[in-house]
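Chemist:
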Amino acid sequence: MIYDIDYHIDRDYILYESEKVQYSSFVDPKSKNVLDFWKICHDVGPYTQAITNDLCKILDVHIKPRYYIQEVGSTIPWHVDRGTKCAINVVLSTDRDPIEFRDRSYHYSTALIDTTKEHRVSAVTEPRVLFKMSIFDKSFGDCRDAYIEYQRRTP
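Under the numbering used here, the first residue of the sequence shown is numbered 28, with each subsequent residue one higher.
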């Protein structure tokens, strides 16, 4: 369900880039429900795009990057991501609030997430700022295996 990614990312710089963009409320593509407490931006900065491009090459996938801000005190309801097979999530705020799956919770900083499994996130301690790289063309297991192979080949 989750695999920690040990990949050097300048989180502070991605956070800086994420603060320079315009956000809009998340709209569920199927139900059309608007979640005003969950903001999204598809226009990522150049450093964020460079990280995305590198991970596309490493995993041999197409990645759609975006930033999210979840307001403190809010909970994203139980869901599976629509059309996304998995995602690499980088928590840009602190990682005190875990992602919850039905059977357990995980704290992480940067991780590959199986978004086909039902999950939710509550922003209890602070607004949750996230850089998400959605993957549509490879499963969690295939991406995990590709990343493990990359680590094995990289000194």
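In this text, a Cβ means the ideal position worked out from N, Cα and C, and glycines have one as well.
Just so it is clear, the structure is predicted and the values come from calculations on it, not from any experiment.
Quick check: what's the CA-CA separation for leucine 62 versus valine 99?
Modeler: Here the question's residue 62 lines up with position 35 in the sequence shown. Here the question's residue 99 lines up with position 72 in the sequence shown. Between leucine 62 and valine 99, the C-alpha separation is close to 14 Å.
Chemist: Please determine, among Asp31, Val107, Ile41, Pro56, the residue with the shortest C-alpha to C-alpha distance to serine 120.
Modeler: The count along the sequence shown starts at 1 and reaches residue 120 at position 93. Of the listed residues, the one whose Cα sits closest to serine 120 is Ile41.
Chemist: Given the structure, does arginine 131 come close to the ligand NAD, in the sense that its CB is under 7 Å from one of the ligand's heavy atoms?
Modeler: With respect to the ligand NAD, the structure offers nothing, as it holds no ligand at all.
Chemist: Return the CA-CA distance between serine 43 and alanine 77, expressed in angstroms with no decimal places.
Modeler: Within the sequence shown, the letter at position 16 stands for residue 43. Within the sequence shown, the letter at position 50 stands for residue 77. In the sequence under discussion, the amino acid at residue 43 is tyrosine, which differs from the serine named in the question. Cα-Cα distance, rounded: 15 Å.
Chemist: From which residue to which residue does the alpha helix (DSSP H) around arginine 171 run?
Modeler: The sequence position of residue 171 within the sequence shown is 144, counting from 1. Counting along the chain, the alpha helix (DSSP H) containing arginine 171 begins and ends at 167-180.
Chemist: To test your reading of the DSSP string, which unbroken alpha helix (DSSP H) runs of 4 or more residues are found completely within the stretch 96-181?
Modeler: You should have 167-180.
Chemist: Alpha carbons only, please: which of Arg38, Thr102, Asp37 is nearest the one belonging to threonine 152?
Modeler: What you label residue 152 is simply residue 125 of the sequence shown in a count that begins at 1. Looking at the Cα atoms, Thr102 is the closest of the given residues.
Chemist: Return the Cβ separation of glycine 72 and lysine 47 in integer angstroms, given the expectation that the two are a contact with Cβ distance under 8 Å.
Modeler: Your numbering for residue 72 matches position 45 in the sequence shown. Your numbering for residue 47 matches position 20 in the sequence shown. With 8 Å as the limit, glycine 72 and lysine 47 qualify as a contact, their Cβ atoms being about 7 Å apart.
Chemist: Please give me, in chain order, every unbroken run of the beta strand (DSSP E) with length at least 3 that falls completely inside the stretch 42-98.
Modeler: The qualifying runs are 51-54, 61-68, 90-97.
Chemist: Assuming the contact rule is C-beta atoms closer than 8 Å, lysine 57 and arginine 109 should be a hit. Round their C-beta distance to whole Å, please.
Modeler: Locating residue 57 in the sequence shown gives position 30, where the first residue counts as 1. Locating residue 109 in the sequence shown gives position 82, where the first residue counts as 1. Contact flag correct, Cβ pair sits at about 6 Å.
Chemist: Can you give the beta carbon distance from arginine 38 to valine 148, rounded, assuming they're within the 8 Å contact cut?
Modeler: Locating residue 38 in the sequence shown gives position 11, counting from the first residue. Locating residue 148 in the sequence shown gives position 121, counting from the first residue. That belief does not hold up - the Cβ atoms of arginine 38 and valine 148 are roughly 18 Å apart, past 8 Å.
Chemist: Among Asp130, Tyr174, Ser161, Arg179, which one has its Cα closest to the Cα of aspartate 30?
Modeler: As a position in the sequence shown, residue 30 is number 3, starting the count at 1. The residue you asked about is not aspartate; residue 30 is tyrosine in the sequence shown. The candidate whose alpha carbon is nearest that of tyrosine 30 is Tyr174.
Chemist: I believe aspartate 160 touches leucine 82 by the beta-carbon criterion, under 8 Å. Please report the beta-carbon distance rounded to the nearest angstrom.
Modeler: Translated into positions along the sequence shown, residue 160 becomes position 133. Translated into positions along the sequence shown, residue 82 becomes position 55. The sequence given here places methionine at residue 160; aspartate does not occur at that position. That pair is a contact at about 6 Å.
Chemist: Taking the beta strand (DSSP E) that isoleucine 29 belongs to, which residues open and close that run?
Modeler: In the sequence shown, the residue the question calls residue 29 occupies position 2. Isoleucine 29 -> beta strand (DSSP E) spans 29-31.
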